[in-house]
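Numbering (this note's numbering), first residue to last: 64 to 490. Every residue, glycine too, gets a C-beta built ideally from N, C-alpha and C. See below for the structure under consideration.
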RNA sequence: GUGGCCGUAGCUCAACUGGUUAGAGCGUCUGGCUGUGGCCCAGAAGGCUGCGGGUUCAAGUCCCGUCGGUCACCCCA
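Below, the structure is given as structure tokens:
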């Protein structure tokens with residue numbers, strides 16, 4: 064094969080492409096009801112943006128970004144996630160000055176250079192949202208509700224579970240205290256850590272747990288300290304749980320749920336499909352109250368999430384069979400290439416299409432038999448045949464494809480009206 | 001980044017322990033039916049067996065490398 068797509072990148076053909084579109088449409092509809100408006104952000108951003116937001120010591124930034132350098136020597140990357148870009152846009156255009164909360168959603172491709180597997184590609188699509196300016200637990204809950212409504216609308220009701228965790232915040236007695244005790248713990252086992260972990264532990268001890276080699280061993284160590292959230296964070300989280308219960312949303316607590324991005328605070332959540340393979344996290348997100356300020360903006364609480372479109376499609380496909388695509392309404396055939404017949408056929412096709420009917424035909428240069436075979440393959444409901452003999456008498460033939468040998472002579476002048484009437488009766 | 005499995009026609013797969021000209025089904029096109037689909041029958045087109053090297057008289061088959069796919073670990077959506 065001369066050319067093939069790049070590793071981990073793939074073509075999405077019909078009908079999968081159409082199924083993805085309908086998922087996007089469902090999401091748009093639900094998010095509109097929740098008051099979110101669409102933002103479109105660039106695919107390319109500066110590397111620095113993600114170093115600052117996602118975190119310099121995270122897996123995503125350390126080894127999963129596609130990087131390039133432009134002619135001016137700028138370090139650019141294909142966006143590995145959406146939140147950083149939305150926050151940048153929020154600050155760049157001073158959206159906070161519009162008053163109230165800012166609720167935005169986006170749909171687009173993200174890029175991560177991971178080893179591909181089921182439900183994991185190097186280019187993948189996310190539907191995500193960000194809500195700025197709501198620090199109350201109700202904000203977390205609204206975001207979770209929006210997410211579950213989108214998935215329910217997509218046909219996944221009852222096919223996913225919700226995991227919750229509380230990561231605490233940056234008050235000294237909260238996550239910083241945990242970080243310090245983690246660092247102290249790592250000092251005690253320093254000799255067993257790999258070189259990379261030793262250099263990383265001082266900068267970001269939480270990320271040492273992500274290490275491919277040392278992480279699993281460390282997590283198995285009973286002496287590993289656990290986070291004890293401060294009082295405010297505990298109260299916040301308790302309210303989140305209470306409000307979810309009030310809405311009858313089932314969830315499970317999972318202390319091991321730590322998002323791989325540094326900006327999360329307090330509530331983090333993950334939606335897992337019950338039948339999709341190893342990559343079962345179909346959506347995830349959480350609160351990030353410190354990020355906007357850390358990126359140079361005003362103190363702004365925020366919460367957001369992202370849905371993995373391909374994974375969600377896998378979950379949907381596992382649950383329901385794809386419905387057969389509807390065939391074309393009308394197939395127009397011409398007996399020969401004679402100019403008059405070709406003109407009639409094309410004219411009728413365009414008239415039908417202008418009305419919104421799906422119409423196909425004009426396989427000129429092929430036998431009538433071949434044209435009707437194509438009509439059959441396309442699932443045409445009606446076929447019109449322009450023949451030489453009928454042409455002389457200003458008529459053509461109308462066939463109901465569902466009926467064998469059906470054939471009706473119709474005046475050319477009346478054929479469009481006749482087609483519309485018949486199609487109307489059929490549906 | 002690590003590991004397992006797999007790369008033969010558009011698709012799904014054959015080809016005994018290496019051994020003539022790499023086959024079949026489905027699909028496509030054409031014809032049987034000079035102007036009528038689905039079913040049937042016949043014919044045709046379609047392959048540098050992923051790529052590169054090696055072993056051998058001989059490689060689709062064995063070995064090495066590489067690229068790609070796939071699944072898992074890890075991580076994430």
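| query | Are there 16 or more other CB atoms within 10 angstroms of the CB of residue 270, so buried, or fewer, so exposed? | reply | Result: buried.
| field | Identified DSSP bridge partners for residue 138 | value | Bridge partners of residue 138: 132.
| request: Return the chain-ordered list of same chain residues with a C-beta closer than 7 Å to the C-beta of residue 273, the five sequence neighbours on each side being excluded. | output: So the qualifying residues of the chain are 122 and 323.
| query | My guess is that residue 391 and residue 443 are in contact by the Cβ rule of under 8 Å, so how many angstroms apart are they, rounded? | reply | So it is a contact: roughly 5 Å between Cβ atoms.
| task | Report yes if the CB atom of residue 346 is closer than 8 Å to the CB atom of residue 369, and no otherwise. | result | Yes, the pair counts as a contact, with Cβ atoms nearer than the cut-off.
| task | Report, in whole angstroms, the separation of the C-beta atoms of residue 208 and residue 310, which I expect to be a contact under 8 Å. | result | Yes, they are in contact, since the Cβ atoms of residue 208 and residue 310 sit about 6 Å apart, within 8 Å.
| message | Do residue 217 and residue 84 have their beta-carbon atoms positioned less than 8 Å apart in this structure? | response | No, the Cβ-Cβ distance between residue 84 and residue 217 is not below 8 Å.
| task | Name the two residues that bound the continuous beta strand (DSSP E) containing residue 499. | result | Because the chain is modelled from 64 through 490, residue 499 falls outside the range shown and cannot be assessed.
| Apart from the five residues on each side of it in sequence, which residues of its chain come closer than 6 Å, Cβ to Cβ, to residue 186? | If we look at residue 186 and ignore the five residues flanking it on each side, its Cβ neighbours are 72, 172 and 174.
| field | Complete beta strand (DSSP E) runs within the segment 379-453 (minimum length 3 residues, chain order) | value | Runs of the beta strand (DSSP E) inside the segment 379-453: 393-397, 422-424 and 445-449.
| Nearest to residue 407 by CA position, among 260, 133, 470 and 450, is which residue? | The candidate whose alpha carbon is nearest that of residue 407 is 450.
| said: Measuring only the C-alpha atoms, how far is residue 222 from residue 336? | reply: C-alpha separation (whole angstroms): 6 Å.
| field | C-alpha gap between residue 156 and residue 366, whole angstroms | value | It is roughly 19 Å from the alpha-carbon of residue 156 to the alpha-carbon of residue 366.
| request: Using the DSSP secondary-structure output, state which residues sit across from residue 194 in a beta bridge. | output: Residue pairing by DSSP places residue 194 opposite 166 and 366 in a beta bridge.
| request: Determine the direct distance from the alpha carbon of residue 248 to that of residue 261, and round the result to whole angstroms. | output: So the two alpha carbons sit approximately 12 Å from each other.
| task | Taking only the alpha-carbon atoms, compute the straight-line gap between residue 82 and residue 95 and give it to the nearest angstrom. | result | So the two alpha carbons sit approximately 20 Å from each other.
| Is it a yes or a no for the segment 280-289 touching the segment 187-205, going by three-plus beta-carbon pairs under 8 Å? | The count of Cβ pairs closer than 8 Å, one atom from the segment 280-289 and one from the segment 187-205, stays below three, leaving the stretches out of contact.
| Collapsed DSSP secondary structure at residue 76 in the structure displayed | Coil at residue 76, not helix or strand.
| task | Check the DSSP bridge columns for residue 172 and list the partner residues they point to. | result | Paired residue(s): 188.
| task | Determine the extent of the alpha helix (DSSP H) in which residue 308 is found, giving its start and end residues. | result | Its alpha helix (DSSP H) spans residues 294-309.
| Where residue 473 falls: helix, strand or coil (DSSP) | DSSP places residue 473 in strand when its eight states are reduced to three.
| said: Assuming residue 462 is part of the beta strand (DSSP E), what are its boundary residues? | reply: Annotation: the continuous beta strand (DSSP E) that includes residue 462 extends over 458-463.
| query | Which runs of the beta strand (DSSP E) fall wholly inside the segment 214-268 and span at least 3 residues, in chain order? | reply | List check, beta strand (DSSP E) in window: 223-229.
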